[in-house]
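Each residue of the sequence shown is one higher than the one before, starting from 119 at the first, in this note's numbering.
Don't be surprised by glycine CBs; every beta carbon is placed ideally from N, CA and C.
Data first, discussion second: the structure below is written as structure tokens.
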Amino acid sequence: MPERAVPLDAIVFDLLFTLVHPGAYPGGTGRTGWLARTLGVDAADVATRWDAFEPALEAGRAGAAADGLAPELAWVRAVAADLGSPVTDADLSRIDADWDLTRREALLAPPPSTTETLVALRQRGLHLGVLSNTHALELRAWDRCPLAPLFDAVAFSHEIGVCKPDPAAYARILDRLGVSAASAAYVGDGGSNELDGARAAGFGLVVLAEEAPARLAPHDLPRLRAQADTSVGSLPDLVPLLDP
Numbered sequence: 119m120p121e122r123a124v125p126l127d128a129i130v131f132d133l134l135f136t137l138v139h140p141g142a143y144p145g146g147t148g149r150t151g152w153l154a155r156t157l158g159v160d161a162a163d164v165a166t167r168w169d170a171f172e173p174a175l176e177a178g179r180a181g182a183a184a185d186g187l188a189p190e191l192a193w194v195r196a197v198a199a200d201l202g203s204p205v206t207d208a209d210l211s212r213i214d215a216d217w218d219l220t221r222r223e224a225l226l227a228p229p230p231s232t233t234e235t236l237v238a239l240r241q242r243g244l245h246l247g248v249l250s251n252t253h254a255l256e257l258r259a260w261d262r263c264p265l266a267p268l269f270d271a272v273a274f275s276h277e278i279g280v281c282k283p284d285p286a287a288y289a290r291i292l293d294r295l296g297v298s299a300a301s302a303a304y305v306g307d308g309g310s311n312e313l314d315g316a317r318a319a320g321f322g323l324v325v326l327a328e329e330a331p332a333r334l335a336p337h338d339l340p341r342l343r344a345q346a347d348t349s350v351g352s353l354p355d356l357v358p359l360l361d362p
């Protein structure tokens, strides 16, 4: 681990697949696979359309439909119609209810080790923040998450209008924490080039949380490790790492 020029005052965490670990949707796939089965359309078509839509959604640029339907559900309705499988209001209500299924399950029952790690870091006087690329329906359970009270500040991309690795995203959470980048550590699983972004933003320490990539994409670990100053196999390993 590199020597830091200044002591750490804060740690900024990624949320999904770093602090909590969502599982699969019914059928053992991700959200787009579940949607495709629900709509009776081709999964590859849905995935391609989702990849094109998600950046605007996460950056808060996708507005609600004229009838007030949430942007996520308005997108589902449009995609279903375009693919020849229109949905009813009842269909949309069912999709709405389970849109955040895996995120909700993960947020409402976080790993005990995550809670213990955050408590230990707070006891060391560190301020804690969350910076996450996400959207409104995905995080409906955040306010009920046992982890939420442990953070001093959060910045969700759809709410701040910018996504990692844009420097403005990191600046927003640092401003909310009231700390400089040099006096903060960034911890994440490496998605969305967040580690490179944190380095460019000047974080005093950039840490790869290896648990998710080691399980889901082990071939990607060398690349992700190269983007970080150091890595941890599990979150509890952060505590001794950050001790003076």
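- Contact check for residue 302 and residue 315: beta-carbon distance about 13 Å, past the 8 Å limit, so the pair fails to qualify.
- As a beta-bridge residue in DSSP terms, residue 348 pairs with 325.
- Relative to the Cα of residue 203, the nearest Cα in the group 159, 220 and 283 belongs to 159.
- Apart from sequence neighbours up to five positions away, the residues of its chain that approach residue 221 with a beta-carbon distance below 6 Å are 140 and 256, ordered along the chain.
- By the Cβ test, the region 335-350 is not in contact with the region 148-155, since fewer than three Cβ pairs between them sit closer than 8 Å.
- If you compare the alpha carbons of 286, 285, 275 and 189 with that of residue 213, the shortest gap goes to 189.
- CA-to-CA, the gap between residue 164 and residue 238 works out to about 42 Å.
- Here residue 142 has 148 and 220 as same chain residues with Cβ atoms under 8 Å from its own Cβ, once five neighbours each way along the sequence are excluded.
- DSSP, reduced to helix, strand and coil, places residue 276 within a helical segment of the structure shown.
- Residue pairing for residue 306: DSSP places it in a beta bridge opposite 326.
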